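S.K.: I'd like to ask some things about the structure below.
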Amino acid sequence: MKKLFLGLSAILINYFVVAQTAVNIIPQPNEMVINKGNFIFSSCTRLQFDVSLKDAVEPLITKLSNAAGIDLLSKSNCTKKTLIAIAIDKTILNDEGYQLNIIANEISLKAKTAAGIFYGVQTILQLLPAAIESDSLQKNMQWSVPCVAIKDQPRFGYRGIMLDVARNYMPLEFIKKLVDLLSMQKMNRLHLHLTDGQGWRFESKKYPELNKIGSYRKGTSLNTTYDYNSRPADTLNGGYYTQEQLKELVKYASSKFITIIPEIEMPAHSEAALASYPQLACLDSNGNAFPYPQKIQNEYCTKDETFKFLEDILEEVMDVFPSKYIHIAGDEASKENWKKCKYDQQRMKEEGLKNVDELQSYFIKRIEKFVNNKGRFIIGWDEILQGGLAPNATVMSWTGIDGGIKAAQQHHNVIMTPEAYCYFDRYQSDAPGEQVAFCCMVTLPKVYSYDPVPAELKDDEKKYIQGAQGNLWTEYIPVPSKAEYMIFPRAVALAEVDWTETSNKNYEAFTERLIHYLQRLNYYHVNYSRHLFDIKLSTSLINKKVVVVLGGVPKNHIIHYTLDGSTPTEQSPVYTKPISINESATIIAAVLQNGTVLDQLKKSFNLHKAVGMPVTLQAAPDKDYNKGGNSAWVNGCLGNDEQFSDDEWLGWEGKPFDGTIDFGTATTTDSLQTRFFQKANSWVWVAKKVTVQTSDDGKIFKTIAEKNVPIPSHDNAAPFSISWPKNTSRYLRVIAEPLGKIPAGNTGAGDEAWLFVDEVSVY
Ligand code: ACM
3 MKKLFLGLSA
13 ILINYFVVAQ
23 TAVNIIPQPN
33 EMVINKGNFI
43 FSSCTRLQFD
53 VSLKDAVEPL
63 ITKLSNAAGI
73 DLLSKSNCTK
83 KTLIAIAIDK
93 TILNDEGYQL
103 NIIANEISLK
113 AKTAAGIFYG
123 VQTILQLLPA
133 AIESDSLQKN
143 MQWSVPCVAI
153 KDQPRFGYRG
163 IMLDVARNYM
173 PLEFIKKLVD
183 LLSMQKMNRL
193 HLHLTDGQGW
203 RFESKKYPEL
213 NKIGSYRKGT
223 SLNTTYDYNS
233 RPADTLNGGY
243 YTQEQLKELV
253 KYASSKFITI
263 IPEIEMPAHS
273 EAALASYPQL
283 ACLDSNGNAF
293 PYPQKIQNEY
303 CTKDETFKFL
313 EDILEEVMDV
323 FPSKYIHIAG
333 DEASKENWKK
343 CKYDQQRMKE
353 EGLKNVDELQ
363 SYFIKRIEKF
373 VNNKGRFIIG
383 WDEILQGGLA
393 PNATVMSWTG
403 IDGGIKAAQQ
413 HHNVIMTPEA
423 YCYFDRYQSD
433 APGEQVAFCC
443 MVTLPKVYSY
453 DPVPAELKDD
463 EKKYIQGAQG
473 NLWTEYIPVP
483 SKAEYMIFPR
493 AVALAEVDWT
503 ETSNKNYEAF
513 TERLIHYLQR
523 LNYYHVNYSR
533 HLFDIKLSTS
543 LINKKVVVVL
553 GGVPKNHIIH
563 YTLDGSTPTE
573 QSPVYTKPIS
583 INESATIIAA
593 VLQNGTVLDQ
603 LKKSFNLHKA
613 VGMPVTLQAA
623 PDKDYNKGGN
633 SAWVNGCLGN
643 DEQFSDDEWL
653 GWEGKPFDGT
663 IDFGTATTTD
673 SLQTRFFQKA
683 NSWVWVAKKV
693 TVQTSDDGKI
703 FKTIAEKNVP
713 IPSHDNAAPF
723 SISWPKNTSR
733 YLRVIAEPLG
743 KIPAGNTGAG
753 DEAWLFVDEV
763 SVY
C-alpha cells in the first residue's frame, strides 16, 4: 500500500493541475512532478549563490524581504537552517532551461546560464502565495512552496511583446513596469516601435529637428493626425526619450533578462522625420516637394542624402541599444511617390531596378549591409520579402503566416506575429463598453490557440521559427492603463504559447492558473481586461418573447446575472436555465471570484410592437454584416454600442436599408426608434434620411413621416427617433438612405459610405 501511494504521489503534472490547486505556474513548465510535502521559508532559510548570479536571484531576495520580511542573506546563527542552493550547471543543455528540485529542507536550482536561473527563480516565486508580489510586509502568512521536481526549458528562444511608443508616447516608468511584468512570465524581448508617422521618440544628437518637430504633433491623443505645422504649444502631443534614458532602460531590462529591440521605421511611416527634414522627401511629378501632412505611409526619397541620414541615425541607435537585432520595419510602403519622384526614378535607372518593389528591396539591402558591417542584423516586417529578401534578414510575419513560411523556406529566421492571433490592438471581446480598438477580434482563447510553427513547413524548415510576439499598436491607446488593458491577459497567454510545448498546453487548465496569476497582477495594479472566459449569450424568439441562453465558462464556474443593468454580486441569481425576457430589460451576466469580476457581458432588450413580426428587406445586408440574419432588426435585441460587427447590427455598402414589417392585422403606431453607426475611419456613416410609409395591402405605400439624420459629433451607435400622427395599418415600411459618397477629407473619400442599422423599435 505504502509503495503504491508513493508511486502515485509522483505522477506527472497533467494529472495534478486539476487536483492540486496550489501549483499554478504560468507558463506551464514542460516537465514537472509534484511530490508530497512543503519547503517552508523562515528566518533560518539561507541562500547560496555565486555573485555572478546577482541579477538572476535578486527578485527572490527582494520579494522575500519586502513581503515576507525574510532576509535570505542574513548572517545570524540558526541551529536548524534550510537551504536554497543556486548554481550554474553546464551539463544542462538549453541556454534558458533550468532544473528545480524542492524537498522539505532544501531548494536546489541549477541552470546553464544566469537567464535559466532567473526563470527558475520566477518559478519558485510562482510556487509561493501571490502575496509574495506585495511591496509591503504581509502578516500571518505561511511562506511555503510544495515539493516539486521540475525540468523546464522554453519551446522558443524569442518570446516577445512589441510596444508602439510612436503613435502615443508612453512614460518610461510604464515601459519599466512592462519589463517587470514580462519577465515574471519568462518573456525575453521587448520590441520598441520608436518612430512612425505620428511621432519620433528617439533622441538624435546629430539631427535635433527630429526631436524639436518630429517628436511633437498637433492634436488629441486618440486621433492619428500627422500635423506638425501650425502648432500652438498647448495642443502639442508627444515627447521623446533621451539616449541616456534609453541606455538606462536597456540596462534595467537586461537585469531582467529582457533584450530591448529598437525599431526605426523606413522606408515608409516617415512623416515625422520628413516634417523635420523635408529635403529627404520625394518630389511630385512636377518636381515640387510634397506638402505635409501628405498621406499616411509616406516614404523617404531614395537619394544618397536619405541613406546618410538613416545610417547616422542607426549608428546612434546601435550606440544606445546593444541588441544583436535592429528592426528597420519595411512595412506598408505604398511606393507611390517613388513612381513620380525624379530622384527615385533616377535611382531605379542607375541600379537597373525593374519596379518599385525592387527599389524597396535595394533600400533594405543597402541598409542591411550598413547594419551587418557594424556586426548587427536586421529584422523587417514581411513586406521586406517584396522584390527579394536581404541576405541576412530576419522576417517578422504580421500580415498572416505566408511571409513567415516563405522566409523559413528561404532559410531565414522568422518571428511570427500574425495579426489574427498576435495583434493586441484588436478587440478582445464584443461586450459593450470596450475601449475603442482597431477593428476585429483577437480573444484570449484565440491567442492561446496559436501555434507559431506553420504546418506547411517541412521538418528542416521549422527550426527557422524563432518564436512569437504580441504587438500593441497605440493609435487608439493614449495612456498606459489602456495599454495594460489591451496587453493583459493576452500577453500571459502568449507567454505560454512561446514557452510551453504544445502537448503540455490546455486552455481550460490555463484559465484556472490565470485566475491565480491575476492575483499577482493585482499587486502591480495592472488594469487587465476581465474577459477571461468569453461568456457567450445567445438569444431566440419564442412567442414574441426573447429567450436568453448563457454559456462559455468552464464547468466549475457559475454565472450570476441581473436584469436591471446593475453589476452582479455573489447574491445575484445564478444562471441555471434559459431566461425568458418578458419586458424590456438589460441583462448583465458575470463570473465572479472572491467578489472580483473575471468576466462580464451586457445586453439590452426592447420588447416593442414589431418584435418577431414577419419582415422583408429590399436588399439583403452584406454577407459579412448579417450575423443575426435578415430579421435581426426586429428581434428585440439591441446591438453593441461600440462595435458594429456583432449579431445585431446589419450593414450595407452604399445601399439603403429598406424594410417592411407585416403586423398581420391593422396595427396602430406613432413612432420608431433605431440606431445607426458612425465610424468615419472605418467608412461607416449614419443614414442621410429616414422615410416611414404604411400600407394596407403591402403594395401601395404612402409616406407618413420623413426626417434627415444629423451626423453625430462622436463615433459609435447614434440613436435616431421619428414620430407621426397615430396611424393604423397592417404594413409599416422604413427606408434609411445611406449617406452616399464619403465627403472629402475623410477616410475613403469619394467611395460609397457603409450604412449600419440596429433594432428598429416600433411603438
Ligand atoms: C504593421 O502592422 N504595419 C507591421
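Numbering-wise (the working numbering), the sequence shown opens with residue 3 and increments by one. No residue lacks a Cβ here, since even glycine has one placed at the ideal position from N, Cα and C. Bear in mind the structure is a predicted one, so any value in this text is a computation, not a measurement.
(1) Determine the extent of the alpha helix (DSSP H) in which Val181 is found, giving its start and end residues.
(2) Rounded to a whole number of angstroms, what is the C-alpha to C-alpha distance between Val488 and Ile417?
(3) Does the CB of Pro658 have a neighbour CB from chain C at under 7 angstroms?
(4) Please name the residue in Ser723, Gly666 and Pro740 whose C-alpha comes closest to that of Lys691.
(5) Does the beta-carbon of Val711 have 16 or more other beta-carbons within 10 angstroms, so that it is buried, or is it exposed?
(6) Could you check the C-alpha separation between Pro264 and Glu498 for me, to the nearest Å?
(7) If we ignore side chains and look at the alpha-carbon of each, how far apart do Lys484 and Gln437 end up?
(8) So, is Cys442 buried or exposed, given that buried needs 16 or more other C-beta atoms within 10 angstroms?
(9) On the DSSP letters alone, give me the boundaries of the beta strand (DSSP E) that Pro482 sits inside.
(10) Identify, in the order they occur along the chain, each residue of the same chain with its Cβ nearer than 6 angstroms to the Cβ of Met189, setting aside the five sequence neighbours on each side.
(11) Cβ of Asp198 versus every heavy atom of the ligand ACM: is any distance shorter than 6 angstroms?
(12) In terms of residues, what are the limits of the beta strand (DSSP E) holding Cys149?
(13) Could you please give the first and the last residue of the uninterrupted alpha helix (DSSP H) stretch that includes Gln281?
(14) Whole angstroms are fine: how far does the CA of Val252 sit from the CA of Ile260?
(15) Closest by CA to His195, which one among Met186, Ser185, Ile177 and Met164?
(16) Using only Cβ atoms and a threshold of 6 angstroms, which residues come within that distance of a heavy atom of the ligand ACM? Order them by chain position.
(17) Could you tell me which uninterrupted alpha helix (DSSP H) segments, each at least 4 residues in length, are contained entirely in the segment 14-98, listed from first to last along the chain?
(18) With distances taken Cα to Cα, identify the nearest neighbour of Pro324 among Ser256, Leu534, Gly641 and Leu183.
(19) Counting Cβ pairs closer than 8 angstroms, one from the segment 164-182 and one from the segment 112-127, do we hit at least three?
(20) Among Gln430, Leu238, Thr569 and Thr564, which residue has its Cα nearest to the Cα of His533?
(21) Report the CB separation of Trp651 from Ala755 in whole angstroms; it is logged as a contact under 8 angstroms.
(22) By how many angstroms is the C-alpha of Val319 removed from the C-alpha of Leu184?
(23) Please report how far the alpha carbon of His193 lies from the alpha carbon of Gly241, in whole angstroms.
(24) Given a cut-off of 7 angstroms on the beta-carbon distance, is the pair Pro269 and Glu246 in contact?
(25) Among Ile328, Ile590, Ile581 and Lys547, which has the Cα closest to the Cα of Gly567?
(26) For Thr197, which option in Met186, Arg219, Lys178 and Lys179 has the closest C-alpha, if you only look at C-alpha atoms?
(27) By how many angstroms is the C-alpha of Thr662 removed from the C-alpha of Glu761?
(28) Have a look at Lys65, Ile177, Lys114 and Lys356 and flag the residue whose alpha-carbon is nearest the alpha-carbon of Ala132.
(29) Would the beta-carbon of Gly199 fall within 7 angstroms of that of Glu273?
(30) Grab me the residues of Gly793's own chain with a C-beta within less than 7 angstroms of its C-beta, minus the 5 sequence neighbours each way, in chain order.
(31) Since Gly286 and Lys326 are thought to touch, with beta carbons under 8 angstroms apart, how far apart are those beta carbons, to the nearest angstrom?
(32) Could you check whether Ile381 and His329 sit closer than 7 angstroms to each other, using their CB atoms as the reference points?
(33) Does the segment 620-632 come into contact with the segment 571-578, if we say contact requires no fewer than three beta-carbon pairs (one atom in each stretch) closer than 8 angstroms?
(34) Determine contact between the segment 60-77 and the segment 95-104, defined as no fewer than three beta-carbon pairs at a distance below 8 angstroms.
(35) In three-state DSSP terms, what is Thr261?
(36) Beta-carbon within less than 6 angstroms of Tyr17's beta-carbon, same chain only, minus the 5 sequence neighbours each way: which residues are those?
M.R.: The relevant details are as follows:
(1) Position 179 of the sequence shown, counting from 1, holds the residue named residue 181. Taken as a continuous stretch (DSSP letters only), the alpha helix (DSSP H) holding Val181 covers Leu174 to Met186.
(2) Looking up residue 488 in the sequence shown gives position 486. Looking up residue 417 in the sequence shown gives position 415. Reading the sequence as shown, one finds Met at residue 488 and not Val. For Met488 and Ile417, the distance between alpha carbons rounds to 21 angstroms.
(3) Protein chain content of the structure displayed is limited to a single chain, and chain C is not contained in it.
(4) What you label residue 691 is simply residue 689 of the sequence shown in a count that begins at 1. When only C-alpha atoms are compared, the closest one is Pro740.
(5) Within the sequence shown, residue 711 is the residue found at index 709, counting from 1. Buried, by the Cβ-count rule.
(6) The count along the sequence shown starts at 1 and reaches residue 264 at position 262. The count along the sequence shown starts at 1 and reaches residue 498 at position 496. When rounded, the distance between both Cα atoms is 24 angstroms.
(7) The sequence position of residue 484 within the sequence shown is 482, counting from 1. The sequence position of residue 437 within the sequence shown is 435, counting from 1. If I take the Cα positions, the gap works out to 8 angstroms.
(8) Translated into the one-based positions of the sequence shown, residue 442 becomes position 440. By the 10 Å Cβ count, Cys442 comes out exposed.
(9) As a position in the sequence shown, residue 482 is number 480, starting the count at 1. It is not in any beta strand (DSSP E) - Pro482 instead sits in the alpha helix (DSSP H) that spans Pro482 to Ile489.
(10) As a first step, residue 189 must be located in the sequence shown, where it is residue number 187. These residues qualify, in order along the chain: Arg161 and Ala497.
(11) Position 196 of the sequence shown, counting from 1, holds the residue named residue 198. No; taking the cut-off as 6 angstroms, the Cβ of Asp198 has no heavy atom of the ligand ACM nearer than that.
(12) In the sequence shown, the residue the question calls residue 149 occupies position 147. Taken as a continuous stretch (DSSP letters only), the beta strand (DSSP E) holding Cys149 covers Ser146 to Asp154.
(13) Counting from one through the sequence shown, the residue named residue 281 turns up at place 279. Counting along the chain, Gln281 falls outside any alpha helix (DSSP H), and DSSP gives it neither H nor E.
(14) What you label residue 260 is simply residue 258 of the sequence shown in a count that begins at 1. What you label residue 252 is simply residue 250 of the sequence shown in a count that begins at 1. About 8 angstroms.
(15) On the sequence shown, position 193 is the one that residue 195 refers to. For His195, the nearest C-alpha among the options comes from Met164.
(16) Asp333, Glu334, Trp383 and Trp400
(17) 15-21 and 56-65
(18) As a working note, residue 324 is residue 322 in the sequence shown. Nearest of Ser256, Leu534, Gly641 and Leu183 to Pro324, Cα basis: Ser256.
(19) no
(20) Walking along the sequence shown from the start, residue 533 turns up at place 531. If we check each option's Cα against that of His533, Gln430 comes out closest.
(21) Here residue 651 refers to the residue found at position 649 when the sequence shown is read from its first residue. Here residue 755 refers to the residue found at position 753 when the sequence shown is read from its first residue. About 15 angstroms; that fails the 8 angstroms criterion.
(22) What you label residue 184 is simply residue 182 of the sequence shown in a count that begins at 1. What you label residue 319 is simply residue 317 of the sequence shown in a count that begins at 1. Rounded to the nearest angstrom, the two C-alpha atoms are 23 angstroms apart.
(23) Translated into positions along the sequence shown, residue 193 becomes position 191. Translated into positions along the sequence shown, residue 241 becomes position 239. Each residue's alpha carbon lies about 19 angstroms from the other.
(24) Within the sequence shown, numbered from 1, the residue matching residue 269 stands at position 267. Within the sequence shown, numbered from 1, the residue matching residue 246 stands at position 244. Result no, Cβ atoms of Pro269 and Glu246 do not sit closer than 7 angstroms.
(25) By 1-based counting over the sequence shown, the position of residue 567 is 565. Gly567 has its Cα closest to that of Ile590, out of Ile328, Ile590, Ile581 and Lys547.
(26) What you label residue 197 is simply residue 195 of the sequence shown in a count that begins at 1. The shortest C-alpha separation from Thr197 is found at Arg219.
(27) Indexing the sequence shown from 1 puts residue 761 at position 759. Indexing the sequence shown from 1 puts residue 662 at position 660. Cα to Cα, Glu761 sits roughly 13 angstroms from Thr662.
(28) The sequence position of residue 132 within the sequence shown is 130, counting from 1. Ranking the options by Cα distance to Ala132, first place goes to Lys65.
(29) Sequence index remark: in the sequence shown, residue 199 carries index 197 (1-based). Sequence index remark: in the sequence shown, residue 273 carries index 271 (1-based). Result yes, Cβ atoms of Gly199 and Glu273 sit closer than 7 angstroms.
(30) Lying outside 3 to 765, the shown extent of the chain, residue 793 is not represented and no answer is given.
(31) By one-based count along the sequence shown, residue 286 stands at place 284. By one-based count along the sequence shown, residue 326 stands at place 324. For clarity, residue 286 is Asp in the given sequence; the question names Gly instead. No, Asp286 and Lys326 are not in contact; Cβ-Cβ is about 40 angstroms, not under 8 angstroms.
(32) Locating residue 329 in the sequence shown gives position 327, where the first residue counts as 1. Locating residue 381 in the sequence shown gives position 379, where the first residue counts as 1. For His329 and Ile381, yes; Cβs fall inside 7 angstroms.
(33) no
(34) no
(35) In the sequence shown, the residue the question calls residue 261 occupies position 259. If DSSP states are grouped into helix, strand and coil, Thr261 belongs with the strands.
(36) Position 15 of the sequence shown, counted from the first residue, corresponds to residue 17. Here Tyr17 scores only 35 on pLDDT, less than 50, and its place in the model should not be relied on; the value that follows carries that caveat. Excluding positions up to five away in sequence, the list is empty.
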